[in-house]
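Asker: Chains as they are written, first to last, in numbering that gives the first Met the number 0: chain B, 0 to 434; chain Z, 0 to 434.
There are 2 protein chains.
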Amino acid sequence: MLNWNTLSDAERRDALARPVMKNSVTLKQTVSEILADVEHRGDEAVLDYTRRFDCPTLPALRLSVEQRDALAAQVSQDVEEAINTAFANIKAFHEAQMPQDIQLTTTPGVVCEQRFVALEAVGLYIPGGSAPLPSTALMLGVPAVVANVPRKVLCTPPGKDGLIAPEIAFVAKRCGIEEIYLCGGAQAIAAMALGTDSIAQVDKIFGPGNSFVTEAKQQVSQRADGAAIDMPAGPSEVLVLADGEANPAFVASDLLSQAEHGADSQAILVSNSESLIDAVKAEVDTQLAQLSRNAIAVAAMDNARYILTTSLNEAVAVSNAYAPEHLIVQTEDARGLLPVLKNAGSVFLGAWSPESAGDYASGTNHVLPTYGYAKNYSSLGLLDFMRRYTVQELSPQGLQNLGPAIMTLAAAEGLDAHEKAVALRMQALKDNQDG
Amino acid sequence: MLNWNTLSDAERRDALARPVMKNSVTLKQTVSEILADVEHRGDEAVLDYTRRFDCPTLPALRLSVEQRDALAAQVSQDVEEAINTAFANIKAFHEAQMPQDIQLTTTPGVVCEQRFVALEAVGLYIPGGSAPLPSTALMLGVPAVVANVPRKVLCTPPGKDGLIAPEIAFVAKRCGIEEIYLCGGAQAIAAMALGTDSIAQVDKIFGPGNSFVTEAKQQVSQRADGAAIDMPAGPSEVLVLADGEANPAFVASDLLSQAEHGADSQAILVSNSESLIDAVKAEVDTQLAQLSRNAIAVAAMDNARYILTTSLNEAVAVSNAYAPEHLIVQTEDARGLLPVLKNAGSVFLGAWSPESAGDYASGTNHVLPTYGYAKNYSSLGLLDFMRRYTVQELSPQGLQNLGPAIMTLAAAEGLDAHEKAVALRMQALKDNQDG
Numbered sequence: 000m001l002n003w004n005t006l007s008d009a010e011r012r013d014a015l016a017r018p019v020m021k022n023s024v025t026l027k028q029t030v031s032e033i034l035a036d037v038e039h040r041g042d043e044a045v046l047d048y049t050r051r052f053d054c055p056t057l058p059a060l061r062l063s064v065e066q067r068d069a070l071a072a073q074v075s076q077d078v079e080e081a082i083n084t085a086f087a088n089i090k091a092f093h094e095a096q097m098p099q100d101i102q103l104t105t106t107p108g109v110v111c112e113q114r115f116v117a118l119e120a121v122g123l124y125i126p127g128g129s130a131p132l133p134s135t136a137l138m139l140g141v142p143a144v145v146a147n148v149p150r151k152v153l154c155t156p157p158g159k160d161g162l163i164a165p166e167i168a169f170v171a172k173r174c175g176i177e178e179i180y181l182c183g184g185a186q187a188i189a190a191m192a193l194g195t196d197s198i199a200q201v202d203k204i205f206g207p208g209n210s211f212v213t214e215a216k217q218q219v220s221q222r223a224d225g226a227a228i229d230m231p232a233g234p235s236e237v238l239v240l241a242d243g244e245a246n247p248a249f250v251a252s253d254l255l256s257q258a259e260h261g262a263d264s265q266a267i268l269v270s271n272s273e274s275l276i277d278a279v280k281a282e283v284d285t286q287l288a289q290l291s292r293n294a295i296a297v298a299a300m301d302n303a304r305y306i307l308t309t310s311l312n313e314a315v316a317v318s319n320a321y322a323p324e325h326l327i328v329q330t331e332d333a334r335g336l337l338p339v340l341k342n343a344g345s346v347f348l349g350a351w352s353p354e355s356a357g358d359y360a361s362g363t364n365h366v367l368p369t370y371g372y373a374k375n376y377s378s379l380g381l382l383d384f385m386r387r388y389t390v391q392e393l394s395p396q397g398l399q400n401l402g403p404a405i406m407t408l409a410a411a412e413g414l415d416a417h418e419k420a421v422a423l424r425m426q427a428l429k430d431n432q433d434g
Numbered sequence: 000m001l002n003w004n005t006l007s008d009a010e011r012r013d014a015l016a017r018p019v020m021k022n023s024v025t026l027k028q029t030v031s032e033i034l035a036d037v038e039h040r041g042d043e044a045v046l047d048y049t050r051r052f053d054c055p056t057l058p059a060l061r062l063s064v065e066q067r068d069a070l071a072a073q074v075s076q077d078v079e080e081a082i083n084t085a086f087a088n089i090k091a092f093h094e095a096q097m098p099q100d101i102q103l104t105t106t107p108g109v110v111c112e113q114r115f116v117a118l119e120a121v122g123l124y125i126p127g128g129s130a131p132l133p134s135t136a137l138m139l140g141v142p143a144v145v146a147n148v149p150r151k152v153l154c155t156p157p158g159k160d161g162l163i164a165p166e167i168a169f170v171a172k173r174c175g176i177e178e179i180y181l182c183g184g185a186q187a188i189a190a191m192a193l194g195t196d197s198i199a200q201v202d203k204i205f206g207p208g209n210s211f212v213t214e215a216k217q218q219v220s221q222r223a224d225g226a227a228i229d230m231p232a233g234p235s236e237v238l239v240l241a242d243g244e245a246n247p248a249f250v251a252s253d254l255l256s257q258a259e260h261g262a263d264s265q266a267i268l269v270s271n272s273e274s275l276i277d278a279v280k281a282e283v284d285t286q287l288a289q290l291s292r293n294a295i296a297v298a299a300m301d302n303a304r305y306i307l308t309t310s311l312n313e314a315v316a317v318s319n320a321y322a323p324e325h326l327i328v329q330t331e332d333a334r335g336l337l338p339v340l341k342n343a344g345s346v347f348l349g350a351w352s353p354e355s356a357g358d359y360a361s362g363t364n365h366v367l368p369t370y371g372y373a374k375n376y377s378s379l380g381l382l383d384f385m386r387r388y389t390v391q392e393l394s395p396q397g398l399q400n401l402g403p404a405i406m407t408l409a410a411a412e413g414l415d416a417h418e419k420a421v422a423l424r425m426q427a428l429k430d431n432q433d434g
């Protein structure tokens, strides 16, 4: 347990430090070679990597709509219902985010507009691994549906059988995603960003992944011929802010929800109650023993931090400084703290709002800024699947009203042609009036 | 003149190709060294670079508020009025962009919220050079004011006299910017992103600059301890879409407005009228001769492209494929084309809407995605100075309603602790009801 009040500034920084996440030169080089290979050999390169890493006998990259639907039909009734519940909530919450175009007359005769339009083509990356991740498919697919993105591409590594999890297929079907490619890793990101014969380029790539995927997303986002990406990535993390009234078992379960994600997950408890911290620690030990992903969770909890503060205000300050991806507030008046809580990806208020709710089904998106990025990046939302642009239209009267100011500013910046573009139009209007 | 209809696919790609913009290894290395130097030596490094490149006798980095105000007082009456006009329009248009927080009950007892909050600290970079750029200061400063960003930092290289242009000082005063630092280049970006003793870190950096500034922004945006940036950069560009009814002098003046920005500026005319193209070319020659920045404009116009299409529809398709930063539409029914025009940073409709209007004073922002980024990035707007995050709160009833779906999905993904976080809360509610 760290007593915040007795820590030096340096110790405080250490207490809130994230694990160093430095992609090795080797990783950068490997990913850069995969990108170059996909750029030059296209589908053949993607197939080679996929056969080597995922499915040696894969006949082709594309999963047909018939295969998708056959897989989707295998989903059990209760999982189907759970996915439908989550789908409905995520859809409703993202529909509520639909922005309004604006139109404003700033000066008589000068109309300015801001318009929102869906991106043309998005790439959704769903990691493979030991268990299927239908929740990630929902969090990426549903906003794309709501935004009305015309082209939705889903890439996910196939299993040894050359197929994908039925749950992913079911979500893809629910989202109307017909372009599904059986590939993962840096090669999948390269294919979506740079294009191959069978996978046309997308405008933006979304989704989590391992270090190869993350590095590949970073590299393609730096190329003008690449693609935009959703946000920078880092290990997942939770900060629980709790007072003496919190239920230690609930708090422990939220810390462990984070811990079971990966050995590099960060779990932090900040409380003004020493007895609560002690009770949570005991609960963590009890609950840890029961988890199937015990080894991962134990490793992550080795790095867990328990921070004791002298007041709730100080606890809030610690949370604001850390800027957690998930912020769980289990205090007597959780909502009352909302105005002073800054810098979090998503905030979970009160005893009955576990992180799992937002991870799966409440309606909020679970793709969130981590690693301190909550200070300057947004949680994933509908707007990330759209683009804003502006329009302006001046009437002759509008140009006459605004022209002198434009010409003065252009002259102040020494830009003659800008000035002349207005001057000769003003002259034409004058000639018309005189004539 | 290129006849679109007779071009092969490869020739069409060439016709719309941007100049290759590959930062040299030397540039990357130099910038990376400047970043490391500022990281280690802080203010001293920034001062050294600034004395070497900008003002040998500079006593300190900070421009005091008194100096700012004394400089601002030197602005002529007509420039002051023009800036005030532009300020009012930009402010009104960005105020109209203010987003609404949302709150939605997705399932009875499950409340989801999306909240918008201003970034805490932004860095605004205003390039130096031959002429002052008060318009850029307005385009960055006004949205920061409207968003209500608590801390606004402005960096701009000082002149030989250790001061900045009165116009920039005037805009800074109008925007209430008190933190002004006399530095430019990669060292200014490094200082704002990484922090020094006198310049505290900012969360996000905005603004254009030379290749050192652009490369430095790119590098700091890739560091977890760095800063977010507004958007990727490229040379400025315009595409004018005109039919036979367009005024050749107006079209030529818009192409030249772009050309005078820099020798690498792109100016493209697409028209279904050969006689219009011929007339514009003649006008370009006439107007070019009269420009003070003639050498720059001549160099840029050497790369100008005149594309003849067989129809207006085809001209629209060419524009959509190019995805111009500025799209000027001078056709009989310009507004009628709006629904089919995609991929532009800002659209200027009709004969009386020159690019200069948006560059200076109509109210729209002139920081726009260029180099084809209009396909996947937004025009700068109020939202870029804010952050979105979500909040959720479940009542006991809400957890009981949604709990089963959450547990089913967590089980499907093999995440026990996520399931247990719900299960033990459901059990506690049951115990309460039973007890």
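Think of the CB as a built atom: it goes at the ideal place given N, C-alpha and C, for glycine as much as any other residue.
1) So, at 6 angstroms on beta carbons, what are the nonlocal neighbours of residue 1 of chain Z in its own chain, with the 5 sequence-adjacent residues on each side left out?
2) Indicate the three-state DSSP secondary structure (helix, strand or coil) for residue 193 of chain Z in the structure shown.
3) Going straight from the alpha carbon of residue 199 of chain B to that of residue 193 of chain B, what length do you get?
4) Starting from the beta carbon of residue 119 of chain Z, find every residue of chain B whose beta carbon is closer than 9 angstroms, and list them in chain order.
5) Label residue 25 of chain Z either buried or exposed according to how many other C-beta atoms from any shown protein chain fall within 10 Å of its C-beta, with 16 as the threshold for buried.
6) Closer than 8 angstroms by C-beta to residue 399 of chain B: which residues in its own chain qualify, once you throw out the five before and the five after it? Chain order, please.
7) In the DSSP output, what is residue 155 of chain B paired with across the bridge?
8) Quick check on residue 329 of chain B: buried or exposed, where buried means 16 or more other Cβ atoms within 10 Å of its Cβ?
9) Take the Cβ of residue 365 of chain B as the centre, count every other Cβ of all protein chains shown within 10 Å, and call the residue buried at 16 or more, exposed below.
10) Going by Cα to Cα distance, which pick from B/148, B/5, B/267 and B/161 is closest to residue 52 of chain B?
11) Could you please give me the residues that DSSP links to residue 348 of chain B through a beta bridge?
12) With H, G and I counted as helix, E and B as strand and the rest as coil, what does DSSP make of residue 50 of chain Z?
13) For a cutoff of 8 angstroms on Cβ pairs, would you count residue 358 of chain Z as touching chain B?
14) Does any residue of chain Z bring its CB to less than 8 angstroms from the CB of residue 355 of chain B?
15) So residue 146 of chain B is in the alpha helix (DSSP H); what residue range does that whole segment cover?
16) Whose C-beta lies closer than 6 angstroms to the C-beta of residue 139 of chain B among residues of the same chain, with five residues either side of it excluded?
17) Looking only at its own chain, which residues have a Cβ that is under 6 angstroms from the Cβ of residue 213 of chain Z, when we skip the five neighbours before and after it?
18) Taking a Cβ distance cut-off of 8 angstroms, strictly less, list which residues of the segment 137 to 155 of chain B are near chain Z, in chain order.
19) Flag residue 169 of chain B as yes if its beta-carbon sits less than 8 angstroms from any beta-carbon of chain Z, otherwise no.
20) For residue 48 of chain Z, which residues in the same chain have their Cβ closer than 6 angstroms to its Cβ, ignoring the five residues on either side in sequence?
21) Under the three-state reduction of DSSP, which class applies to residue 45 of chain Z: helix, strand or coil?
22) So what does DSSP say about residue 62 of chain Z, is it helix, strand or coil?
23) Are three or more beta carbon pairs between the segment 66 to 85 of chain B and the segment 328 to 342 of chain Z nearer than 8 angstroms?
24) Please decide whether residue 3 of chain Z counts as near chain B, where near means a Cβ-Cβ distance under 8 angstroms.
25) Going by C-alpha to C-alpha distance, which of Z/270, Z/345 and Z/320 sits closest to residue 309 of chain Z?
26) What does a CB cutoff of less than 7 angstroms around residue 197 of chain B pick up in its chain, not counting 5 residues either side in sequence?
27) Mapping the DSSP letters down to three states, classify residue 120 of chain B as helix, strand or coil.
28) My output table needs one value for residue 16 of chain B: the three-state DSSP class, helix, strand or coil.
29) Report the residue from Z/372, Z/378, Z/382 and Z/374 whose alpha carbon sits nearest the alpha carbon of residue 376 of chain B.
30) Any idea what DSSP makes of residue 256 of chain B, helix, strand or coil?
31) Hey, quick one: how far does the beta strand (DSSP E) through residue 56 of chain Z stretch, first residue to last?
32) Going by DSSP, what residues sit across from residue 249 of chain B in a beta bridge?
33) Just to confirm, are residue 153 of chain B and residue 188 of chain B a CB contact at a threshold of 8 angstroms?
34) Under 9 angstroms Cβ-Cβ, which residues of chain Z neighbour residue 384 of chain B?
35) To the nearest angstrom, report how far apart residue 33 of chain B and residue 167 of chain Z are at their CA atoms.
36) Can you tell which of B/190, B/146, B/125 and B/156 has its C-alpha closest to the C-alpha of residue 30 of chain B?
Answerer: Checking against the coordinates, here is how it stands:
1) 14 and 306
2) helix
3) 8 angstroms
4) 341, 342, 374 and 375
5) exposed
6) 108, 425 and 428
7) B/181
8) buried
9) buried
10) B/161
11) B/328 and Z/392
12) helix
13) yes
14) yes
15) 133 to 146
16) 123, 205 and 206
17) 232
18) none
19) no
20) 186
21) helix
22) strand
23) no
24) no
25) Z/270
26) 42, 60 and 61
27) strand
28) coil
29) Z/382
30) helix
31) No beta strand (DSSP E) contains residue 56 of chain Z, which DSSP labels as neither H nor E.
32) DSSP output for residue 249 of chain B lists no bridge partner at all.
33) no
34) Chain Z residues near residue 384 of chain B: none, gap ~11 angstroms exceeds 9 angstroms.
35) 47 angstroms
36) B/190
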